[in-house]
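Input: a single structure, listed below in structure tokens.
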Amino acid sequence: MKSPQERSVDPAAVEMLQHAAAQKLPVAWDRFEAMQPQCGFGILGVCCRNCTMGPCRIDPFGQGASEGICGADADIIAARNLVRMIAAGSSAHSDHGRDVTHAVLIASEGGDYGIKDETKLRALAKEWGIAAENKTARQIAHEVANIAQSQFGQQEGELRFVARAPKLTQDRWRKAKVVPRGIDREVVDLLHRTHIGGDNDFRSLIMAGVRTALADGWGGSMIATELSDIIFNSPAWIRARVNLGVIEPKNVNIVVHGHEPVLSDMIVAASHDKELQALARSNGAEGITLSGICCTANEILMRHGIPVAGNFLHQELAIATGAVDAMVVDIQCVMPALGKLAQCFHTKFISTSKKAQFPFAQHIEFDEGNALNIAKQIIRTAIENFPNRDKSRVTVPKITSPLVAGFTAENVFTALGGRYRPSYRPLNDAIITGRLRGVAAVVGCNNPRHQQDQGHLAMTRELLANDVLVATTGCTAIADAKAGLLCPEAAEQYAGEGLKEICRAVGIPPVLHFGACVDISRILVVLSNMVAEGGMGESLADIPAAAAAPEWMSEKAVAIGFYAVASGAYTVLGGPLPVQGAAKLNKFLTQDIAEIFGGKFAFQDDPVKAARLMLDHIDQRREALHLPGPMYQVPYAPRTAEAAVAAAG
Ligand code: SF4
Ligand code: MSK
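Start counting the sequence shown at 1; every next residue gets the next number (my numbering).
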């Protein structure tokens, strides 16, 4: 059994893991160890149970079966399994977008949600060709929401946000016939292909997977981000705190967990209610503390500065503090283990989504049409539970870190140009001159397969030291925040000279928090704006940039990886996709696909080696653009394209 220190690099997690072990409370790390050894066929991607002639499994060593009963070989089986992951991941992000769209429709009719960012609403209306003159914000919101809804069921044509990509990137997609027609359309098409006797060419399956993934990144996720900004407001740079120490033992603690801001934003609003504050005091608490886990945390952090209790592997540790009066969950990344764990304490485990119920949960179903009342009911439930808390069982690590979050495509690099000269020019110039070597997106989950947060932190620090500006979202952003990387001061400690100069001049951290998983769409827009600004080539693939997910685990991460690669990104995953038992498919994803989209996958468990692969790629892109090497000396020397290719084997 691994020690708490081997399980996580986060001192708050280590403290709580020791506490959980002492109390004999099993957590995900214990269940992971109990699961060993895990099925090798599953890990390699060569097990199929798509019909009841099977299950079938292919012997990767060539001694047993080389085909399933229907004749499917390892490449077909692994490709089918993989694209089913894309379908599920894209569905999750996109259904989130659908719910936000529904909330905008309700806001347009005068419900509890308002139109908080009219400027963004009008900009989107203009982009979509909606005549907005002499119309109220609500009227425009109604039309915008109707068009957004139509994107889900559209049968032919192209999703509207595809037009945001650079023309050359769009041309590549059209040539490969992967421009998404409609969001739901692509998911159904993809699942159809994986039925027995459907599409049995691994390349064709992967291309359909790419089209579905693009429907996520440039469709459902982008709709979720854009429309959330319109009704919940666009994030602005904001200071807050992170880690389990934000749980305040003297207060009623409500932890929101999951993904969709339609509920959590309303809980933030309801938590300010004077009557509820008074009710908390009359129940013996000093106040109400709201905090978040996972991407729901990121949503309300970015817009309201609500503190973050932790990332994916913190969800059980938060309950184990004994100080959580209610954990309120919606959907995605919520462990079913929470219900049983909550029963060991007084904690109310409250599920709210029509789509997600859990063992041992109290279900208070959320309804966007009655949002504020339900949010108040949830908070009241938590307050009334406060007197049931056993104070002798409360253990909250006194550990928090400060952070700055709230970066968007609209507010981040325009600031580099100054308040009166908003432009991406200074960012592009910084890369062109070599002050910045490039940019990287480091995103993704926690996974007990890895020491918690270590992959995120080691990779990010290596990139920073080499003058790479890092954009982050999701659980990586929370990992970075816990380690202090989201503070401007972090540049002094971790950044190379060039990056340090920029952070000092503008006052930004060296790692920019762009929000939740769906907000990776913001990074796509940033990169598109960089190409439009000039000097970065003609397509997204030309930019000296790379992407990574060092501790990924979810199907959403697979969808993200595919839309990143198809958008031209060199994408390094910590832990391979389950394709290692399928040699041709593996080669296609790590080599051949680059000829079609400019981007490809690489798999590397060691986060520093992975960062160096990203640096090699960034240097190759600099060379292709005829840019000079880094302006200052960097720890990992730039290589020629030839040397980098040789190093990558
Ligand atoms: Fe086996 Fe083919 Fe059925 Fe899969 S689809 S379980 S490989 S027979
Ligand atoms: S929450 S998908 S564990 S990043 Fe978006 Fe974190 Fe991964 Fe869920």
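Here a beta-carbon is modelled for each residue, glycine too, at the ideal position from N, C-alpha and C.
**OP:** Measure from the alpha carbon of residue 362 to the alpha carbon of each residue in 371, 377, 447 and 370, then state which is nearest.
**Re:** Selected option, being the one with the closest Cα: 377.
Original post:
How about residue 266 and residue 371: do their beta carbons lie closer than 7 Å?
Top reply: In contact: residue 266 and residue 371 (Cβ atoms closer than 7 Å).
Subject >> Stretch-stretch touch, CB-based, cutoff 8 Å, three pairs: the region 315–322 with the region 339–346 >> reply: In the pairwise beta carbon analysis, the region 315–322 is classified as touching the region 339–346: at least three pairs are separated by under 8 Å.
Original post:
Going by other Cβ atoms of all chains shown within 10 Å of its Cβ, with 16 needed for buried, is residue 601 buried or exposed?
Top reply: Note on residue 601: 16 or more other CB atoms within 10 angstroms of its CB, so buried under the neighbour-count rule.
Original post:
Which term fits residue 39, buried or exposed, when burial requires 16 or more other beta carbons within 10 angstroms of its beta carbon?
Top reply: Burial state of residue 39 is exposed, judged by a 10 Å Cβ sphere holding fewer than 16 other Cβ atoms.
Original post:
Can you find at least 3 beta carbon pairs, one from the region 279–290 and one from the region 213–233, that sit closer than 8 Å?
Top reply: Counting Cβ pairs under 8 Å, fewer than three are found: no touch.
**OP:** Could you name the residues of the same chain whose beta carbon sits closer than 6 Å to that of residue 571, not counting the 5 residues immediately before and after it, in chain order?
**Re:** Short of 6 Å from the beta carbon of residue 571, and not among the five residues preceding or following it, lie these beta carbons of its own chain, in chain order: 547, 561, 564, 565 and 601.
Original post:
Which term fits residue 160, buried or exposed, when burial requires 16 or more other beta carbons within 10 angstroms of its beta carbon?
Top reply: Label assigned to residue 160: buried.
**OP:** Please name the residue in 6, 5 and 16 whose C-alpha comes closest to that of residue 394.
**Re:** Taking only the C-alpha atoms, the option nearest residue 394 is 16.
Original post:
Helix, strand or coil: how does DSSP classify residue 449 here?
Top reply: Three-state DSSP puts residue 449 in coil, outside helix and strand.
Original post:
For the candidate residues 197, 441, 126 and 485, whose alpha-carbon lies nearest to that of residue 611?
Top reply: For residue 611, the closest alpha carbon among the candidates 197, 441, 126 and 485 is that of 441.
**OP:** Give the secondary structure of residue 510 by DSSP, where H, G and I count as helix, E and B as strand, and everything else as coil.
**Re:** Residue state for residue 510 is assigned as coil, using DSSP reduced to three classes.
Subject >> residue 563, DSSP secondary structure in three states >> reply: Three-state result, residue 563: helix.
**OP:** Would you give the residue range spanned by the alpha helix (DSSP H) that residue 323 belongs to?
**Re:** Secondary structure note for residue 323: it is in no alpha helix (DSSP H), with a DSSP letter that is neither H nor E.
Original post:
Given residue 335, which residues of its chain have a CB within under 8 Å of its CB, disregarding the five upstream and five downstream residues?
Top reply: Counting only Cβ-Cβ distances below 8 Å, and skipping sequence neighbours, we find 28, 315 and 316.
Original post:
Are residue 275 and residue 96 close, meaning C-beta to C-beta below 7 Å?
Top reply: No, they are not a contact pair.
**OP:** Run the CB neighbour count on residue 61, radius 10 Å, all protein chains shown included, and call it buried at 16 or more, exposed below.
**Re:** In the assembly as shown, residue 61 is an exposed residue. Its beta-carbon has fewer than 16 other beta-carbons within 10 Å.
Original post:
With DSSP run on the structure shown, which of helix, strand or coil describes residue 239?
Top reply: DSSP places residue 239 within a strand segment (E or B) once states are collapsed to three.
Original post:
Is it the case that the CB of residue 295 approaches a heavy atom of the ligand MSK more closely than 6 Å?
Top reply: Indeed, a heavy atom of the ligand MSK lies less than 6 Å from the Cβ.
Original post:
What separation, rounded to the nearest whole angstrom, lies between the Cα atoms of residue 569 and residue 593?
Top reply: Those two C-alpha atoms are separated by around 11 Å.
**OP:** Please write down, chain order preserved, every residue whose beta carbon lies under 7 Å from a heavy atom of the ligand SF4.
**Re:** Chain-ordered, the residues whose CB falls short of 7 Å from any heavy atom of the ligand SF4 come out as 48, 49, 50, 51, 53, 54, 55, 56, 68, 69, 70, 72, 77 and 196.
Subject >> Nearest neighbour of residue 435, chosen from 162, 242 and 501 [CA to CA] >> reply: Nearest option by C-alpha distance: 501.
**OP:** Decide if residue 154 is buried, meaning its Cβ has at least 16 other Cβ atoms within 10 Å, or exposed.
**Re:** Label assigned to residue 154: buried.
Original post:
residue 126: beta carbon under 6 Å from a heavy atom of the ligand MSK?
Top reply: In this structure, the C-beta of residue 126 stays at least 6 Å away from each heavy atom of the ligand MSK.
**OP:** Whole angstroms is fine: what's the gap from residue 309's alpha carbon to residue 481's?
**Re:** If you draw a straight line from the Cα of residue 309 to the Cα of residue 481, it comes to about 11 Å.
**OP:** Give every residue of the same chain whose Cβ lies closer than 6 Å to the Cβ of residue 555, excluding the five residues on either side of it in the sequence, and list them in chain order.
**Re:** Around residue 555: 85, 88 and 89.
**OP:** Compute the Euclidean distance between the alpha carbons of residue 190 and residue 207, then round it to the nearest angstrom.
**Re:** Those two C-alpha atoms are separated by around 10 Å.
Original post:
Would residue 540 pass as a contact of residue 567 if the rule is Cβ separation under 7 Å?
Top reply: If you check the CB distance, residue 540 and residue 567 come in under 7 Å.
Original post:
Do residue 312 and the ligand COA come close, with the Cβ less than 6 Å from some heavy atom?
Top reply: As far as ligands go, the structure on display features the ligand SF4 and the ligand MSK and does not contain the ligand COA.
Original post:
In whole angstroms, what is the alpha-carbon distance linking residue 622 and residue 462?
Top reply: Taking the CA atoms as reference points, residue 622 sits about 19 Å from residue 462.
Subject >> Contact under 7 Å by Cβ, residue 234 with residue 117 >> reply: Yes, the Cβ-Cβ distance between residue 234 and residue 117 is below 7 Å.
**OP:** Report buried or exposed for residue 223, applying the criterion of at least 16 other Cβ atoms within 10 angstroms of its Cβ.
**Re:** With 16 or more Cβ atoms within 10 Å of its Cβ, residue 223 is classed as buried.
Original post:
Among 607, 366, 590 and 270, which has the Cα closest to the Cα of residue 574?
Top reply: Considering only alpha carbons, the answer is 607.
Original post:
Is the number of C-beta pairs between the region 72–83 and the region 40–50 that are closer than 8 Å three or more?
Top reply: Yes, the region 72–83 touches the region 40–50.
Subject >> Integer Cβ distance of residue 580 from residue 44, believed to fall under 8 Å >> reply: About 5 Å separates the two Cβ atoms, so the contact holds.
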